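Colleague:
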Amino acid sequence: MSITSISETHCAGLRDLLVNERNTPVLLQLARSITKNVCIIEDPEEALGYVTAHLEDIHKVLHKRHITRDLLFKYLHTRLPGTSTDFTKADLVMRVIQYWDKQFTATDATVAEQDSIITAACARKQQPSEHDYPIHLMARKFGEWFFDKFNANNLNPADLWSDSVLQLSVIADDGISDVECGTAEEVIDSLLSTKEQFGFYFNPNLSHSGVQGRIDAYGHVVVLCCGTLHTSDRSVGVFECAFGLLRDPNAGNNWKPKKFKWSLRSQLSPPQLHTLTSCESLQAALALPTPNDTLD
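See below:
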């Protein structure tokens, strides 16, 4: 019999929140804090067990200082794209719990139905959905990495190709401002100065509807991404981005951005969720091929 009073639903939610590449370090740190470092904890599932055994209320877990407002917001945004940025941590905790109560609670009939669907799917060999194509998985991973660093002002020239180029358009009621530059340092300086000038926070739509990959005529990977622009208290516009990526053999053969084409557009009533299909500046790029095989 379990000694925890945290429900199975909320345990499943905590696993979804914390047992992943980004948040596992937070989970391990939280478990070590709760146990006062009396034992070595390296396994995420073991850490989750300590957390749910020693904290008997889900609200206490989520209100721990290790689980920050930023962490909760990013989690909610990936699960419920378009989540507003003007929530307190207490508001976010309640919304996360409400999401878990809806997402992870299932009746026996529902579970049986899901098992039947899974069994049927496994019985026949299916092609992966477009959502799971390698180029889209890479695009979403890149989008999350880039905008995390960009919003935190942590981009550095080594993250880009040294001869990176930028085409940036800022479209406002009083006109259009265009910027072009041709080195990694200049690209970063231009993007960061624009962000600081307007006080923008970039909230990318990291679902398949907001981040996708394509291949251009030269065989280069193109990552298309869009989202909403926010100031400290409200949503003020949308952004639409195309990144041209190349592998760098001198950096572990990792993908690095070389070309940036960005459009920032102010709006009085921005959409709660901006999607690629509604991006005026990206329609030509969306028509490029979408390979379904592994990227070379």
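Under this note's numbering, think of the first position of the sequence shown as 713, with each following residue one higher.
Every residue, glycine too, gets a C-beta built ideally from N, C-alpha and C.
Model, not experiment: these values are computed from the prediction.
Grab me the residues of residue 816's own chain with a C-beta within less than 7 Å of its C-beta, minus the 5 sequence neighbours each way, in chain order.
Modeller: 721, 724 and 725
Colleague: Taking a contact to mean a Cβ-Cβ separation below 8 Å, would you say residue 968 touches residue 956 in this structure?
Modeller: Contact flag unset, no.
Colleague: Using the beta-carbon count (16 or more within 10 Å), is residue 995 buried or exposed?
Modeller: Per the 10 Å Cβ criterion, exposed.
Colleague: Shortest alpha-carbon distance to residue 940 belongs to which of 988, 897, 894 and 973?
Modeller: Ranking 988, 897, 894 and 973 by Cα distance to residue 940 puts 988 first.
Colleague: Could you tell me the alpha carbon to alpha carbon distance between residue 964 and residue 769, rounded to whole angstroms?
Modeller: 44 Å
Colleague: Judging by CA-CA distance, which residue of 751, 914 and 926 is the nearest neighbour of residue 1003?
Modeller: 926
Colleague: Leaving aside the five residues before and after residue 830 along the sequence, list all residues of the same chain whose C-beta is less than 6 Å from its C-beta, in chain order.
Modeller: Confidence at residue 830 is low in this model, with a pLDDT of 49, below 50, so the placement of that residue is unreliable and no value is reported for it.
Colleague: I need the straight-line Cα distance from residue 857 to residue 851, nearest angstrom please.
Modeller: 10 Å
Colleague: With distances taken Cα to Cα, identify the nearest neighbour of residue 948 among 1007, 843 and 884.
Modeller: 884
Colleague: When we look at the beta-carbon of residue 845 and count the other beta-carbons within 10 Å, is it buried (16 or more) or exposed?
Modeller: buried
Colleague: Helix, strand or coil for residue 916, going by three-state DSSP, please let me know.
Modeller: strand
Colleague: How is the beta strand (DSSP E) around residue 723 delimited, first residue to last?
Modeller: Here residue 723 belongs to no beta strand (DSSP E); instead the alpha helix (DSSP H) covers 720-730.
Colleague: Helix, strand or coil for residue 929 per DSSP?
Modeller: coil
Colleague: Should residue 942 be labelled buried (16 or more other beta-carbon atoms within 10 Å of its own) or exposed?
Modeller: buried
Colleague: Just to confirm my understanding: we take residue 876, look at its own chain, exclude 5 residues before and 5 after, and list those with CB closer than 6 Å. What are they?
Modeller: 896, 899 and 970
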